[in-house]
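Student: What follows is a single structure, and I will ask about it in a moment.
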Amino acid sequence: MSTETYRLVYYSRNLTTDDGETFAAEVKDILETSRANNERDGITGALMFNAGCFAQVLEGPLDVVEVAFERIQQDDRHSDVSLLAMEPIAERSFPNWAMGFVGLSDLDAARFADVAVASDFDPSRFSGDKLHSILRDLAVEEERAAA
Ligand code: FAD
Numbered sequence: 000m001s002t003e004t005y006r007l008v009y010y011s012r013n014l015t016t017d018d019g020e021t022f023a024a025e026v027k028d029i030l031e032t033s034r035a036n037n038e039r040d041g042i043t044g045a046l047m048f049n050a051g052c053f054a055q056v057l058e059g060p061l062d063v064v065e066v067a068f069e070r071i072q073q074d075d076r077h078s079d080v081s082l083l084a085m086e087p088i089a090e091r092s093f094p095n096w097a098m099g100f101v102g103l104s105d106l107d108a109a110r111f112a113d114v115a116v117a118s119d120f121d122p123s124r125f126s127g128d129k130l131h132s133i134l135r136d137l138a139v140e141e142e143r144a145a146a
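So the sequence shown is numbered by numbering that gives the first Met the number 0: it starts at 0 and just counts up by one.
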């Protein structure tokens, strides 16, 4: 069995409600399940929501990342799940995050402004490397702000 660590990057269209309070509850539900499953499976990563899209990085052993991604693709809370990257990596970018959620704070919005397209975030314009860098930079900023 391979012990290599892999990174998977995808984006998708949000199908949960636009209503702020309900959306927050839906994201909370997704994150609780994700963190419990990912801790069990040795997966780390980050999830971002912006302008109707999710973008997510998953990192971990190939077999468990593939199984998690199968579940995620079947989830009807989003659609048009588009895989951007799946590749071996030397080290994890989110070693402390069973599943971080970034992109909603004012700090993130400011950090994100230079990569977002005017008023609409369109992740299909980004490569897997670019989306991974965006999430990693947001995570580093959040960790600094929390310290
Ligand atoms: P279950 O016991 O089947 O369900 C756990 C909870 O999720 C329950 O509250 C249930 O009501 C709710 N739920 C499950 N499926 C749906 C659905 N289709 N519609 C509405 N509610 C539902 N899972 C991970 O394990 N790791 C991740 O990193 C991860 N990231 C995700 C990112 C996004 C953007 C989305 C939308 C989902 C993500 N998920 C992730 C969730 C994943 O799609 C599955 O729902 C989850 O893995 C099922 O796990 P389970 O069988 O242990 O949970």
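The beta-carbon is built from N, C-alpha and C at its ideal position, and this holds for glycine as well. Every value quoted in this text rests on a predicted model; they were computed, and no experiment measured them.
Going by DSSP in three states, D75 sits in which element: helix, strand or coil?
Tutor: The answer is coil: DSSP assigns D75 none of H, G, I, E or B.
Student: From which residue to which residue does the beta strand (DSSP E) around T43 run?
Tutor: T43 to N49
Student: Check whether the Cβ of A138 lies closer than 6 Å to any heavy atom of the ligand FAD, and answer yes or no.
Tutor: Answer for A138: no, Cβ out of range of the ligand FAD.
Student: Candidates D62, I133, V66 and D128: which alpha carbon is nearest F100's?
Tutor: I133
Student: Would you decide whether G19 is buried or exposed? Buried here means 16 or more other CB atoms lie within 10 Å of its CB.
Tutor: By the neighbour-count rule (16 or more Cβ atoms within 10 Å), G19 is not buried but exposed.
Student: How big is the Cα-Cα spacing for A146 and R76?
Tutor: Roughly 33 Å separates the two Cα atoms.
Student: For M47, which of S11, A84, T32 and E86 has the nearest alpha-carbon?
Tutor: S11
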